Every structure is written in structure tokens, then in C-alpha cells.
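Everything on this sheet refers to the single structure shown next.
2 protein chains.
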Amino acid sequence: MNSWSRYQKSKKLSKCENERIFAICLGEQPLGKKISVAGWIVDFSDIGKIGFVKVRDVTGTVQGVVTGDVLARTREIPRQSSVLIKGIVSKTKAKDLPVEIAVDDVIVNGKAVHPLPIDPTGRIESSMDKRLDCRALDLRNEHVLTIFKIRSEAVNVIRNVLRSKMFIEVNTPKIIGSATEGGANLFELDYFKRKAYLAQSPQLYKEELTLGLERVFEVGPYFRAEPSHTVRHLSEFISIDLEAAYLDYNEIMDIVDELIMSTIESLRTLFPVNIKSTNHYYGNSIESGIPRLSYEECLNELNRSGEHLEFGDDLSDAALRTLGTIHNGFYFIKDWPTKLKPFYIQEHEGRKDLSKSFDLQFGYLELISGGTREHDPNNLRNKLIEQGLSTESFSHHLRAFDWGMPPHSGCGIGFDRLMMVLTSSDNIREVVLFPRDSDRLTP
Amino acid sequence: MNSWSRYQKSKKLSKCENERIFAICLGEQPLGKKISVAGWIVDFSDIGKIGFVKVRDVTGTVQGVVTGDVLARTREIPRQSSVLIKGIVSKTKAKDLPVEIAVDDVIVNGKAVHPLPIDPTGRIESSMDKRLDCRALDLRNEHVLTIFKIRSEAVNVIRNVLRSKMFIEVNTPKIIGSATEGGANLFELDYFKRKAYLAQSPQLYKEELTLGLERVFEVGPYFRAEPSHTVRHLSEFISIDLEAAYLDYNEIMDIVDELIMSTIESLRTLFPVNIKSTNHYYGNSIESGIPRLSYEECLNELNRSGEHLEFGDDLSDAALRTLGTIHNGFYFIKDWPTKLKPFYIQEHEGRKDLSKSFDLQFGYLELISGGTREHDPNNLRNKLIEQGLSTESFSHHLRAFDWGMPPHSGCGIGFDRLMMVLTSSDNIREVVLFPRDSDRLTP
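These protein sequence lines map, in sequence, to chains A and B. Going left to right, the first sequence walks through residues 1 to 443 as our numbering numbers them. Going left to right, the second sequence walks through residues 444 to 886 as our numbering numbers them.
In C-alpha cells, the structure reads:
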């Protein structure tokens, strides 16, 4: 956490501009200076006439020394209460602190009413459900807090890499008029007396946008009405979508390589304790590029491992787990059978049964899916018909392919899943503030 | 556009790494070098044995000189078709170009089928509705393209300023379980056989998050089921929400000041032609800080202008237009009557009829709304009851105020409306790629 705090502090901090400072700024204040720190009480100990109060904010922890009637008042404040402590920067005998605060006043800003539903210090463990019911309080747990700091930094690194490559950030609608892509798992809503749906992806929009914006990306929420109960599915999730004219799926994999590498490098610097420091976890991929296996190579490897699959079979969780043990960390699986991929993925010229597609895997977990898109309007119509979809409901989309559509490729990054990998979390609910599944609609 | 392109180009451009380059990179290529440019044909002219083809991509325009059978083939390619031109970097006689391309091959990647539904060069004007029906093609209009480049840069500046102030980026759910804040204008959906709603704002979530994350922001889509037909309302819109512990509404106005100033400064550099270069348009506010008027001062000014309003009256569009002419550009209206603001806004200690609230206005257009929040759980319960809302449906939210809730303040930025101001657009549909209103659900 401290690297992150120092990094943030290196920017301009308005809270540090007057007497009220962030905890991380305390060490640099001159002895004798009058300051205030706002935060919550994490600990209090008392040796008769002198008390030690530990106050934490989002940047770190400070120790205040309280005596006299301030001691008496502090003793009565329940832990986790939000307080403002005022005092003088003073020398400390504590070995792990640069200075302490000789407190002359403590103001309670928000009282914590005990017993609290969960213990945010982590001393008493709570079930995932209980923690999610009290997510705001759960965030005072340092491990949980760090996960969401990491999340905030990760999305920023990814955006910065994309922006540096001329990708334009866009917003596409989440309310859509027709149930495209089959539409089995779409949430339906009443839209001014008409049927509408919540978008499952920005696929059609981002493809169309390459016509004028060339390279686009979007970070946004999407929705899937699938009543699955797993540690890796939610009914609302964040996807990072990108699409680029004139690039093919190999070039998109190059970009993905760079996105993953840049994110891990940046997070390792800011969160050295939390982000694995060896390549063992992420695979050697991080320095040498993520290995790119073809679907057919995967079949061969699986057959050698005793799992017999035929060309055209989808890869089961078990099969992907096996591949994950062979290919440590991240790995691409490319060139999937055409029939396993959506209508908008282009086929290989020589082999129509193979598609220009890829998935990025981490063990059994699919993180990213992408490919070269079919941009010829006639081929696209035929693919829709082959897959039993209605060309009528895609008419708005198909029109755009007669306006001089460039060849294009792209991918969708399951950002919550990527966060699971980056924070070594085994449940997607750990990395989403307020998860939604078929049982959970609150808080 | 060229400042933007140069700025982007100063970063690492993968498209420039091999023979295929962005248009903006052409001027720096050595004469005689073999290169390719991918884009769309915007113009073609022919003087017998020699032809000039203009190809545009997202960064700029190049001119290719075509002769022989390439000329014959190029003549047949409909304008707006997506093409790859290959050739040699050559000296040019054209005064406004650094070099041209002696084309030896033209490959049609995506044919434009004429007549096109709209003319993206802008020579023939189309209605807003027609343009929105063909938005992807509309983006090839330079003015339209620039609006969306500006939008992409603006959100980035705002995020960067917030990140520099220790704000953590979050994602809150868009599907919510109860119709809070009255709930009159919420879209309803079927959520696994239960009633759910689309969020109108992240208000309750962002307030709760200050408990552990202290300062949070979110850029996300929100939804309002209001069948209004104006140039400034949509049923799906992007809001930039921020919330900060230990700050009050004056400090949030300071942050808003900085956000607006930083955004305009950055956009002026990147889009000098498009972003107004004088302070006349934005008001002197940009250098000296945005003026902060109280609601009561506004009433006095309006009364002096002949518009008679009583304390407690809401400010009509007409009243706001009048104020907009007095206070050129941006202005804050603060300290609104308590009864005109939502339950979560704190009252002034001395005057319970006044709230610690503000709106940022540009003329009659409300862009931002914010305030100091009530963080005392008892006061909050009373405010809910006073406003006729059910404390039961807010029970999840109210709980968090007993966990040591810090004082906090924040605001919501109507990003689409801010974009209207920054791009001098008079209809919100100009700055939203695929707008949604009670009539429009496509494309």
C-alpha cells in the first residue's frame, strides 16, 4: 500500500494543502507543527495516564498520544469511528514510526455503533455473503482495500496503453432495441412501452465505429441473464472492449501482450507485496510474450495427456485446467473451429472450418476473446443464415458494411476476471464492489 | 485535428512500425521509401493520363498520384470506399502537402455502395435523424469526428485530475434492487423473476464507499425513463460522479473549478480550431475561478431584471437564461432552499431552510449538481421521512451510517452536457454516438 500512497502523494494533494493532512504526509512535517489527520480509529491502548490511538486513512496509519481529558474522551470512542485528531508533530519512541502526534483534541465525526456486523481488521473472519452485505465496512480491511486500489490502477494502465496507440475512447448504448447474437441470455426491459434489452457486449457498435474512428475502446458494464452459480460469472460485469481497423487478430494479440505486460509491470511497482514478484505465477510469458497455441495443438497436447477430444469439440473446464498446468500462467488459444465462434469472426482463407479467433486463458479461466472480423457484407449475411440468426434483426448493422467498411479486428477483456488473476482472488465477488448474481441484488 | 494527431503520434504508434503508416506520419518518411496508407477515398480527380486520389484516415489526408492501369482501376472505386494504397514517397507540386505518394497499387478493402444514405463530406446536409440512423458513416465528417476525439480527451483529463487527488476509480452496479430517490423515472426490468431497476445515479453507493476508499469517482452510464423531448435530455447518459470524505461542498467546487479549467486548457492545445480561444465564450471564470452566487443573490438579480421569484421557487429555464446573460459562461448557484434538493443534502447549521448545495450552470444548462451530504444517521432518517420516502427501502443504505461514516461531499457531472458546452453543440445528440430517447432505440 505504501508505494501506492507515495506514488499518489507525488501528485498534488489538496488535503495536504492546509493543516489537515493525509497520514502518508505526516513523516515530512516539521516537529512542532500543528496538524490534523482525519480517519478512523483502528486501535487504542491505554497505560494509565497515557493512551495511544491509531488512526488510519486511505494512505496509511498515524499514532496519536493522548493524555488528560482527551484521553478520557478517546477511551469512550468506539473503534472504527470516523475522527479528526488535532495535535503537534512530535518525536516518537515507536521504532516503526517516523513521528507521532501529541494530540490536543479528538473530534468524533461519525460514531461506529457496536457490535459491528463484520470485523474489518480481519481478526474475526466473516463469510463472503456477510462481507458483501456490508461491503462499505469490508473496505476498511487492508487486503480488500488494496484489491480496489489495484483495480483502479489496472484500468488506468490499460487505457493509457490503448490511448497511446490512437484508440479513441467511446460510449455505446447499454439499452438496445433488438436481441442480437441469439439473445437467449439478455435482460428484457420495458422501454416506453416497447421491448428493449440490456447489452451483453458492444460488439456490433464497436465494429461499426471503425468506419470513422478507426480504433476505439470502451470500458463499460454489460449484462447477462444467466442463472449460473460459479466463482467466475456475474450477471453484471465490466468489459474492456477494443476494435481496430486494418489490424488482424495477430496484431490484436500483440496489443493484448503489451496490455498484460504493462499492467503487471506497473502494479508490481505500486503494490510490491500484493502482486506476485516472480514469473512463476504469471508464466514466463511476461517477458517473452504470451505463448500462442492453436486449437489443434491444444487437442494434440490434450490427447497426449489422455484427454481425447475430436476436432470441433469445445474445450471443457477440465481440458483447460490440463492445458493450464502445461502452459504456466497466461496462454493464447487461437484458430478455433469456425462453428465454435460467433458469426462475426472471419474464417481462414484456406480452411473454412478454422476461424481467425483467439482466447486469452489463465489456467482454466477465459479472460479475453477476440478475432479478425468478417467485413464483407455478403459473407456476413451468409454467416448469419448459417448460424440460424435473422438477417432482419441485424439490418441496421449490415447496412454499415456497405459504407466502405475497413477490415477490422478486436477483442473483449473480461476486466473482473483479469482482476481475479492479478489479485490472486479465487472468486470474482472479491474484485467487484457490489456483485450481482441471480441471488444477489443488494446492497 | 492536426494537433491531436501530432500529440497522438508522439506516443508509440504500432501502425507506423512497418510499411503501413498513419497519414500523419507521411511527411517524415524519406523520399523514395516504399509505404502503404490505409483509409478511405474522399476525393478523386483525373486529368487524362494522371489521377489524384485523396485518402483520409483518422489522423489526416494523403494524396496519391495514379497512372496507367492503376489509374483505370482507381477511377472505378466509389468514394468512401476503404482502400490500401501502396507506393513510393515522392516530391509534390501541391503547396499544402509535404510529400505525395506515387501509387503503384490500390487495394479495395471495403466497397462503398452508392448512393450513400448521407454525404459525410458535409457538402449535402442531412437531418439529425438521418445522420443518427447512419452514425458510423456520419463519423467520417470531420466536424463530427472531432467532437468524438474531444470527448475522448476530455474524459481523460478529468480522470487524470481526479486520480492526482487520491480519488480511486470504482464501478457501482447499474441494476439496483429498490426504487430509491422516489423512483418515478426508473426503468424497470425482470431480474430472475424479481423486479429490478436501472440506476439513475450512483449516489448511495458512492457515499457509502467514502467509508473505506475515502475519495472515489466513477464514469458510467445511467438511465432515466422520462419521456421528455428536449435538446438536453436523453434516457441513457454518461455521468462522472465523485465523492470525498472530509471535504465540504466549497472544496468540491474548488475541484470542479480545476476540472473545468484543466479540461479547457488541454483541449485548447489539442483542438485549437474547435475549442474557443477567447474567454468570451467560457467567461472570465476560466482564469479567475468560476463565480459562486448564492440562490438568494440570484433571486435579487432576477428581481432587479424584472423576474419576480419568491424564496423557495425553483429557477425556471427563463430565469436561468437571464442569469446566464448576466454571468457570462460558467457560474455556480449555491445554497439552494433545502426543499428543492434531495434528502441526502445537508442543511446549513444556522439556517435549516438553506442547504449546502451547488449547481454548475452554463447559461440555462445545468451541468453539475453537488453538495455536502448529511452523514448523521438520525438526521438522514428524519430527512427521508420529511420528504415522504420510505426508510425501509433505504435500510441497506442507512446501516452504513452506523459504521463510522465520515462527513463527505460530492457531485455528479453530466458529461454529455459538458460536452455540449465544450464543443458548442446545441443538441445533446451531437455529442453522443448512439443516443437513446423515448423515440429512438436504434441503431
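Quick reminder that beta carbons are idealized off the backbone N, C-alpha and C, glycines included. Here the structure is a predicted model, which means the values were calculated and not measured.
Can you tell me where the beta strand (DSSP E) holding residue i begins and where it ends?
i, result
"Phe858(B)", "Segment Phe858 to Leu865 is the alpha helix (DSSP H) holding Phe858(B); no beta strand (DSSP E) there."
"Ser682(B)", "Glu679 to Ala688"
"Glu125(A)", "It is not in any beta strand (DSSP E) - Glu125(A) carries neither H nor E in the DSSP assignment."
"Gly767(B)", "It is not in any beta strand (DSSP E) - Gly767(B) instead sits in the alpha helix (DSSP H) that spans Asp760 to Ile769."
Pick helix, strand or coil for residue i, following the three-state DSSP scheme.
i, result
"Trp447(B)", "helix"
"Arg440(A)", "coil"
"Gln361(A)", "strand"
"Tyr205(A)", "helix"
"Val532(B)", "strand"
"Asp581(B)", "helix"
"Leu605(B)", "helix"
"Val83(A)", "strand"
"Glu657(B)", "coil"
"His396(A)", "helix"
"Ile611(B)", "strand"
"Ser14(A)", "Only weak support exists for where Ser14(A) lies, its pLDDT of 48 falling under 50; the value from the coordinates is given anyway. In the structure shown, Ser14(A) sits in a helix (DSSP, three-state: H, G or I)."
"Leu752(B)", "coil"
"Leu474(B)", "coil"
"Leu389(A)", "coil"
"Leu810(B)", "strand"
Pull up the DSSP beta-bridge partners for residue i, would you.
i, result
"Glu631(B)", "Tyr640(B)"
"Lys54(A)", "Asp43(A) and Gln63(A)"
"Leu797(B)", "Pro780(B)"
"Phe666(B)", "Glu679(B)"
"Val37(A)", "Ile21(A) and Ile85(A)"
"Thr372(A)", "Ser409(A)"
"Ile345(A)", "Arg373(A)"
"Arg735(B)", "Phe775(B)"
Tell me which residue opens and which closes the alpha helix (DSSP H) that residue i is part of.
i, result
"Thr504(B)", "First-last for Thr504(B): Gly503 to Thr510, but that is the beta strand (DSSP E), not the alpha helix (DSSP H)."
"Ser489(A)", "What is shown of chain A runs 1 to 443, which leaves residue 489(A) out entirely."
"Asn109(A)", "It is not in any alpha helix (DSSP H) - Asn109(A) instead sits in the beta strand (DSSP E) that spans Glu100 to Gly110."
"Ile776(B)", "Here Ile776(B) belongs to no alpha helix (DSSP H); instead the beta strand (DSSP E) covers Phe773 to Lys777."
"Glu296(A)", "Tyr295 to Arg304"
"Glu829(B)", "Pro820 to Glu829"
"Ala179(A)", "Looking at the DSSP string, Ala179(A) is not in any alpha helix (DSSP H), and its letter there is neither H nor E."
Please find out if some non-hydrogen atom of the ligand GTP comes closer than 7 Å to the beta-carbon of residue i.
i, result
"Met704(B)", "As far as ligands go, the structure on display features none, and thus does not contain the ligand GTP."
Within the chosen definition, does the segment 666-680 of chain B reach the segment 828-842 of chain B through at least 3 CB pairs nearer than 8 Å? In short, these stretches do not touch, since the Cβ pair count stays below three.
Between the segment 607-641 of chain B and chain A, which residues of the former have a C-beta closer than 9 Å to a C-beta of the latter? Within the segment 607-641 of chain B, the qualifying residues are Ser607, Lys608, Met609, Phe610, Ile611, Glu612, Val613, Asn614, Thr615, Pro616, Lys617, Ile618, Ile619, Gly620, Ser621, Phe630, Glu631, Leu632, Asp633, Tyr634, Phe635, Arg637, Ala639 and Leu641.
Pair every Cβ in the segment 115-124 of chain A with every Cβ in the segment 400-408 of chain A, then say whether three or more of these pairs are closer than 8 Å. Flag = no, the segment 115-124 of chain A and the segment 400-408 of chain A do not touch.
When Cβ atoms are compared, which residues of the segment 496-522 of chain B fall closer than 9 Å to chain A? Of all residues in the segment 496-522 of chain B, Asp500, Val501, Thr502, Pro521 and Arg522 have a Cβ within less than 9 Å of some Cβ in chain A.
For the segment 809-824 of chain B, which residues have a CB atom closer than 7 Å to at least one CB atom of chain A, in sequence order? Here the close residues are His818.
Closer than 8 Å, Cβ to any Cβ of chain A: which residues of the segment 540-556 of chain B, in chain order? If the cut-off is 8 Å between Cβ atoms, the segment 540-556 of chain B has Asn552, Gly553, Lys554, Ala555 and Val556 near chain A.
With a cut-off of 8 Å, do at least 3 Cβ pairs link the segment 873-885 of chain B to the segment 132-142 of chain A? The answer is no - the segment 132-142 of chain A does not touch the segment 873-885 of chain B, with fewer than three Cβ pairs under 8 Å.
Are at least three pairs of beta-carbons, each pair with one atom in the segment 87-103 of chain A and one in the segment 822-833 of chain B, less than 8 Å apart? By the criterion of at least three beta-carbon pairs nearer than 8 Å, the segment 87-103 of chain A is not in contact with the segment 822-833 of chain B.
With a cut-off of 8 Å, do at least 3 Cβ pairs link the segment 370-385 of chain A to the segment 338-345 of chain A? Contact between the segment 370-385 of chain A and the segment 338-345 of chain A is present, because at least three Cβ pairs lie under 8 Å.
What residues from the segment 556-590 of chain B come within 9 Å of chain A, judged by C-beta to C-beta, listed N to C? Per Cβ criterion, the list reads Val556, Leu559, Pro560, Pro563, Asp576, Cys577, Arg578, Ala579, Leu580, Asp581, Leu582, Arg583, Asn584, Val587 and Leu588.
Pair every Cβ in the segment 500-514 of chain B with every Cβ in the segment 465-476 of chain B, then say whether three or more of these pairs are closer than 8 Å. Yes: at least three Cβ pairs fall under 8 Å.
Closer than 8 Å, Cβ to any Cβ of chain A: which residues of the segment 846-870 of chain B, in chain order? Within the segment 846-870 of chain B, Trp846, Gly847, Met848, Pro849 and Pro850 place their CB atoms closer than 8 Å to a CB of chain A, listed in sequence order.
Using a beta-carbon distance cut-off of less than 9 Å, what residues from the segment 468-496 of chain B approach chain A? The residues in question are Ala481, Gly482, Trp483 and Ile484.
Is it the case that the segment 194-207 of chain A contacts the segment 254-271 of chain A, given that we only count it when at least three CB pairs across the two stretches are under 8 Å? Contact fails: fewer than three Cβ-Cβ distances are below 8 Å.
Residues within the segment 730-748 of chain B neighbouring chain A, beta-carbon criterion of under 9 Å: Sequence-ordered contacts of the segment 730-748 of chain B with chain A are nonexistent [C-beta pairs closer than 9 Å].
Does the structure place the segment 80-93 of chain A close enough to the segment 105-114 of chain A that three or more beta carbon pairs sit under 8 Å? As far as the Cβ criterion goes, the segment 105-114 of chain A touches the segment 80-93 of chain A, which means the pair count is three or higher.
Hey, is the segment 636-647 of chain B in contact with the segment 37-44 of chain A, meaning 3+ C-beta pairs nearer than 8 Å? They do not touch, by the three-pair rule.
Looking at C-beta atoms only, is the number of pairs between the segment 234-253 of chain A and the segment 216-224 of chain A that lie closer than 8 Å three or more? In short, these stretches touch, since the Cβ pair count reaches three.
Is the segment 149-158 of chain A touching the segment 129-137 of chain A, taking contact as three or more C-beta pairs under 8 Å? The segment 149-158 of chain A, when compared against the segment 129-137 of chain A, does not touch it at the 8 Å Cβ threshold.
Within 8 Å, do at least three Cβ pairs link the segment 553-562 of chain B to the segment 518-527 of chain B? At 8 Å Cβ cutoff, the stretches touch.
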